[in-house]
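What follows is one structure encoded as structure tokens, with my remarks underneath.
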Amino acid sequence: MRDKSSSMVSQIFNNRCSQLLTLAVCFYAANVSASNYSSIVDIWPDMANLSAEPRQPGVSYITGGLSLFHCCKIALNASVQIEDGRLSFVPGQTFLHGDPQVFAGYPNPCNGPPYTGYEASVPQGTISYSWCAERCPGWQRIDLHDVKAWVQQMLSYTLPAAIFSTNIPRRRQLRIPSQYFPRLTFLSFLSLAYKLPIATFLATVDVVLWLVVVFCLSGPMMLSGLYGSLLDHKVLRQLATNSTLRSLTFKQRCHLTMILPLGSLDQKPAWEASVSVVKRLPDLTAVATDRDRLVGRKIRMLLQTQQMFGSALGIGVLFFISAFIYACLELQDNLGGSYVYHEQLTSAEGVFSHNLAFGIFWMVIPHVAIIANMTLMSSDLTSWDLVALEHVPESHQVDPQLRKGEGIWHRVLRHFGLCSRDTSALSYKVAWQWDQGRCKMGWVERYIEEYPRLGRSLRTQLRISSLEMVCSIWLPALFILLVPSALGCLIRYVSVFATTPLVGIGCKSIIPIVYLAAQFCGVLRVFYVLFAFAAGVASVGGTIAVDLGMTNNCLCLIPVSVHLMSQWMKRFDPSAVTFLSSNVNEGKYYASQFWLNCGIATAAFLFAMMYLGWWWSRSLWTQFYALCDEISGSLEKIAAQKIRTVFKGYRIPTTEIHQRPPSPSYCGNFLHASQTARYRDWETALGRSAFILVPNYPDGAFFLATGLDILRLCQLRNLLPRLVAAIVGGLVDYRSRCHSRYQGSIYIYSLALTIKQTDHHCSAQEIN
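Mind the numbering: the sequence shown is residues 1 to 768 in UniProt numbering, read in order.
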């Protein structure tokens with residue numbers, strides 16, 4: 001055993017000695033080779049043919065001709081020299097620090113070392129802002145020839161954001177004239193050569209303009225959407241309480257329910273039309289007319305024109321989440337690098353972080369669309385035109401005077417489709433999204449003025465308190481705005497570690513901060529137009545500036561310090577420095593810690609918002625449909641009350657079908673009921689009874705089929721109204737008298753045959 005252990009120790013010692021000898025030989029060879037340098041090109045071959053101007057060929061500094069990678073090499077060339085065959089620093093230089101031989105053992109500092117997976121201290125060089133501004137003016141533009149750098153961003157985030165923006169209600173949009181879609185003839189087919197591009201351009205401009213408007217006013221839009229959604233919840237809850245059912249008449253309940261989908265329209269002329277629709281509805285003690293049986297369906301149809309929440313927003317959310325997943329997968333292999341320095345790298349390696357930050361920041365658009373679709377509103381204005389067809393105002397009609405006096409210029413514009421022949425306009429206008437909450441509250445106030453008896457109590461129940469305004473509207477809106485802005489700023493803040501040795505925020509990080517501040521002031525309604533314009537410049541203008549590369553300049557390489565005196569204010573101070581290279585190992589380390597987590601958190605937050613909005617929307621829809629069904633149930637009760645009122649004191653002798661005929665007094669009551677009843681009344685009663693019974697009882701459809709068979713058998717005079725009344729009575733009394741399908745059918749046949757015999761006998765007495 002001793003011999004074996006001693007042999008193992010000697011073997012380990014020999015291995016260690018051989019390793020040390022190898023390291024010594026390598027170190028000696030490195031020193032020998034290091035001592036034979038003749039120029040910097042021997043150390044860094046990419047320093048060959050270095051020009052004095054850091055400008056791209058054929059491009060000026062103003063139009064983005066700066067090359068920051070070339071600027072870095074100029075600074076490096078001015079800081080080092082070859083002395084006695086070894087690398088050394090130029091006396092008085094302030095860009096490089098440490099041992100020159102350490103720099104010689106690494107790649108070009110302008111490129112940076114490869115990422116090793118952990119935070120490590122790698123020799124880096126720094127340049128001052130004053131030197132950078134003097135020697136490297138202008139900015140460096142993005143190479144548009146790299147399709148992957150901008151197509152991925154457009155397909156992953158811009159296109160889904162445009163889809164989301166089309167689901168946000170708006171008051172106006174560019175109308176593409178019908179001349180762009182002519183009949184398919186030979187000449188019209190040739191005209192498509194210029195009409196199709198113009199139509200495509202108009203549609204694109206329409207979507208882009210609306211996308212910009214949504215970005216500028218996302219805060220007020222969210223605030224208005226949450227306000228309208230909370231008001232819908234309060235109205236539905238108030239209509240569902242027993243005290244409200246006792247205090248409101250049938251007409252008042254229908255009118256208040258109708259306000260929920262119509263609250264997004266301008267009050268003039270929609271309010272007058274709504275009053276005209278409900279003015280014939282009965283009060284609590286009145287008897288319903290023939291028009292009443294469709295009022296519940298009309299109100300329900302107003303909301304059914306709105307597209308379902310899931311179908312409207314599901315595809316867009318899927319696109320966004322898929323884009324985040326793809327960006328996170330790409331970031332695992334491309335961390336921290338910046339394409340503005342390393343000309344050997346593809347631009348996509350540095351653009352992934354920007355794409356992720358861009359997508360997170362543009363997540364504001366899906367959030368606005370989600371909140372806008374959480375309210376009860378009629379998105380199709382033509383549905384209200386159909387509901388109130390007889391109350392369409394005169395403004396909907398075409399003015400014949402507009403067709404007269406067409407000049408040559410007008411004809412030319414009309415020929416090219418720039419002037420439409422259709423001079424009509426919609427009768428009703430939907431409010432802008434940022435005004436819909438206030439517009440719906442205006443409808444409620446107008447409703448209270450219409451029915452002053454309900455004023456104080458209803459206003460108290462529907463009033464949104466200051467606590468609800470803060471906790472249910474303000475804080476959620478600000479939080480939803482804060483999350484994408486903060487996560488997008490964090491991505492760019494971590495990217496600062498790759499370009500500067502100082503902790504701070506750069507130009508790209510300031511964009512979401514300025515946008516968030518502008519939206520906060522816009523929500524406060526302070527200098528509304530000014531801050532909306534500032535938000536548009538920060539969001540859309542900032543995105544365009546970053547995409548073009550205008551932030552790739554010396555000023556944006558200096559971060560804004562957290563101290564009171566920012567680095568920008570003292571940027572000409574020698575302490576205002578930035579790294580020579582943006583490909584810093586520390587930057588990659590922090591990128592690996594934050595970028596992937598930010599992408600996952602963003603996708604999870606968007607999915608959570610989608611589900612909460614879906615759940616809230618379905619809850620409001622379910623309550624609204626329950627109110628419509630309750631209104632239909634009220635009509636059925638009124639129709640049943642008609643039956644009891646008309647046939648009061650009249651009983652059908654079901655047990656005497658084949659016995660003696662009825663007495664003369666009985667016939668008098670029967671004929672009086674026949675003359676009082678109207679066919680439409682019984683049709684209303686039958687329809688409403690069937691509407692209530694068929695979904696709830698399995699034999700309801702069978703009884704309706706039985707009733708149709710009876711209608712075919714009965715051909716006597718004035719029999720149909722009384723027969724329908726009998727069928728309604730059989731359906732209503734089914735649960736109390738019949739316990740099987742066979743008994744129910746026998747009961748209805750008994751009623752029909754009794755009425756048939758009674759009608760025949762009483763008609764004979766009337767003739768006599």
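For each residue, glycine too, the CB sits at the ideal point set by N, CA and C.
Spatial distance of E449 from F215 (CA atoms)
Here residue 449 refers to the residue found at position 449 when the sequence shown is read from its first residue. Here residue 215 refers to the residue found at position 215 when the sequence shown is read from its first residue. Each residue's alpha carbon lies about 37 Å from the other.
Short Cβ contact (8 Å threshold) for S274 with L262:
Counted from its first residue, the sequence shown places residue 274 at position 274. Counted from its first residue, the sequence shown places residue 262 at position 262. With a cutoff of 8 Å on beta-carbon distance, S274 and L262 are scored as near each other.
Assigned exposure category for V278 - 16 Cβ within 10 Å defines buried
For this step, residue 278 is matched to residue 278 along the sequence shown. Counting Cβ neighbours within 10 Å, V278 comes out buried, since at least 16 surround it.
Determine, using beta-carbon pairs with one atom in the segment 551 to 560 and one in the segment 516 to 532, whether at least three such pairs fall under 8 Å.
Touching, no, given that fewer than three Cβ pairs across the two stretches are closer than 8 Å.
Shortest alpha-carbon distance to K195 belongs to which of A369, S247, D547 and Y180?
Position 195 of the sequence shown, counted from the start, is the residue given in the question as residue 195. Nearest of A369, S247, D547 and Y180 to K195, Cα basis: Y180.
Stretch pair the segment 51 to 60 + the segment 88 to 106: three plus CB contacts closer than 8 Å
Cβ pair count under 8 Å is below three, so no.
Quick check on the DSSP output: the beta strand (DSSP E) that includes I127 runs from which residue to which?
For this step, residue 127 is matched to residue 127 along the sequence shown. Its beta strand (DSSP E) spans residues T126 to S128.
Ordered along the chain, which non-local residues of its own chain (more than five positions away) have a Cβ less than 8 Å from that of C598?
If you number the sequence shown from 1, residue 598 lands on position 598. For C598, same chain residues with a beta-carbon under 8 Å away, outside a window of 5 residues either side, are L356, I360, L487, L490 and I491 in chain order.
I510 versus M47 - alpha carbon distance:
Taking the sequence shown and counting its residues from 1, one reaches residue 510 at position 510. Taking the sequence shown and counting its residues from 1, one reaches residue 47 at position 47. So the alpha carbons of these two residues sit roughly 35 Å apart.
Helix, strand or coil, according to DSSP, for G65 in the structure here?
Here residue 65 refers to the residue found at position 65 of the sequence shown. Secondary structure at G65: strand, using DSSP grouped into helix, strand and coil.
How should C471 be labelled, buried or exposed, when 16 other C-beta atoms within 10 angstroms of its C-beta is the threshold for buried?
Against the sequence shown, residue 471 aligns to sequence position 471. By the neighbour-count rule (16 or more Cβ atoms within 10 Å), C471 is not buried but exposed.
Relative to the alpha-carbon of I315, which residue among M377, F164 and Q307 has its alpha-carbon at the smallest distance?
For the purposes of this step, residue 315 is taken as residue 315 along the sequence shown, with counting starting at 1. When each option's Cα is compared against that of I315, the closest is F164.
Return helix, strand or coil for L87, following the three-state DSSP convention.
Here residue 87 corresponds to residue number 87 of the sequence shown, with the count starting at 1. Strand at L87.
Judging by CA-CA distance, which residue of R170, E83, T94 and G92 is the nearest neighbour of K429?
Counting from 1 along the sequence shown, the entry for residue 429 is found at position 429. Measuring from the Cα of K429, the nearest candidate turns out to be R170.
Since K508 is in the alpha helix (DSSP H), which residue starts that stretch and which ends it?
For this step, residue 508 is matched to residue 508 along the sequence shown. First-last of the alpha helix (DSSP H) with K508: C507 to V523.
Can you tell me whether DSSP reads V526 as helix, strand or coil?
Within the sequence shown, residue 526 is the residue found at index 526, counting from 1. In this structure, V526 counts as coil in the three-state DSSP scheme.
Below 8 Å between beta carbons: does that hold for C507 and C556?
Within the sequence shown, numbered from 1, the residue matching residue 507 stands at position 507. Within the sequence shown, numbered from 1, the residue matching residue 556 stands at position 556. Yes. Within cutoff.
Helix, strand or coil for residue 772 per DSSP?
Only positions 1 to 768 of the chain appear in the structure, and residue 772 is not among them; the question remains open.
Taking the alpha helix (DSSP H) that S156 belongs to, which residues open and close that run?
Position 156 of the sequence shown, counted from the start, is the residue given in the question as residue 156. Under the DSSP assignment, S156 falls outside any alpha helix (DSSP H); it carries neither an H nor an E label.
Within 8 Å, strictly: CB atoms of L313 and M610
Walking along the sequence shown from the start, residue 313 turns up at place 313. Walking along the sequence shown from the start, residue 610 turns up at place 610. Closer than 8 Å, so yes.
Relative to the C-alpha of L548, which candidate in V235, Q140 and C72 has its C-alpha closest?
Within the sequence shown, the letter at position 548 stands for residue 548. Relative to the Cα of L548, the nearest Cα in the group V235, Q140 and C72 belongs to Q140.
Validate contact between the segment 363 to 380 and the segment 218 to 234 using beta carbons, cut 8 Å, 3 pairs
Touching, per the Cβ criterion.
Residues in the same chain with beta-carbon distance under 7 Å from G65, minus the five sequence neighbours each way, listed in chain order, please.
Locating residue 65 in the sequence shown gives position 65, where the first residue counts as 1. R55, Q56, V59 and G138.
When the Cα of I168 is compared with those of A431, S466 and G541, which residue comes out closest?
Residue mapping note: residue 168 aligns to position 168 of the sequence shown, counting from 1. Comparing alpha carbon positions, the residue from A431, S466 and G541 closest to I168 is A431.
Hey, quick one: how far does the alpha helix (DSSP H) through K440 stretch, first residue to last?
Residue 440 sits at position 440 when you count from the first residue of the sequence shown. Where K440 is concerned, the enclosing alpha helix (DSSP H) stretches over Q436 to E450.
In three-state terms, what does DSSP make of V540?
Here residue 540 refers to the residue found at position 540 when the sequence shown is read from its first residue. It is helical.
Cα-Cα separation, V317 to Y157
In the sequence shown, residue 317 corresponds to position 317, counting from 1. In the sequence shown, residue 157 corresponds to position 157, counting from 1. The straight-line gap from Cα to Cα measures roughly 10 Å.
Which listed residue (L303, L454, P476 and A327) has its alpha carbon closest to that of L368:
Position 368 of the sequence shown, counted from the first residue, corresponds to residue 368. The question names Leu, yet the displayed sequence has Val at residue 368. It is P476.
Are there three or more Cβ pairs, one per stretch, closer than 8 Å when the segment 202 to 214 is compared with the segment 233 to 242?
Fewer than three Cβ pairs drawn from the segment 202 to 214 and the segment 233 to 242 lie within less than 8 Å of each other, which leaves the two stretches out of contact.
In whole angstroms, give me the CA-to-CA distance for L627 and Q304.
Here residue 627 is taken as the residue at index 627 of the sequence shown, counted from 1. Here residue 304 is taken as the residue at index 304 of the sequence shown, counted from 1. Just so you know, the alpha carbons of L627 and Q304 end up roughly 14 Å apart.
I think C136 touches L68, with their Cβ atoms under 8 Å apart; what is that distance to the nearest whole Å?
Taking the sequence shown and counting its residues from 1, the one referred to as residue 136 is at position 136. Taking the sequence shown and counting its residues from 1, the one referred to as residue 68 is at position 68. 7 Å between Cβ atoms; contact.
Just verifying my parser: in three-state terms, what is the DSSP assignment at L265?
Translated into the one-based positions of the sequence shown, residue 265 becomes position 265. Strand.
Out of curiosity, what's the CA-to-CA distance linking Q433 and R172?
In the sequence shown, counting from the first residue as 1, residue 433 sits at position 433. In the sequence shown, counting from the first residue as 1, residue 172 sits at position 172. Taking the straight line from one Cα to the other gives about 11 Å.
Rounded separation between F358 and T543 - CA only
Sequence index remark: in the sequence shown, residue 358 carries index 358 (1-based). Sequence index remark: in the sequence shown, residue 543 carries index 543 (1-based). So the two alpha carbons sit approximately 8 Å from each other.
Where does Q140 fall in DSSP's three states?
If you number the sequence shown from 1, residue 140 lands on position 140. Reduced to three states, the DSSP call for Q140 is strand.
Would you say Y129 and R86 are within 8 Å of each other, going by their C-beta atoms?
Locating residue 129 in the sequence shown gives position 129, counting from the first residue. Locating residue 86 in the sequence shown gives position 86, counting from the first residue. Against a cut-off of 8 Å, the Cβ pair of R86 and Y129 comes out as no contact.
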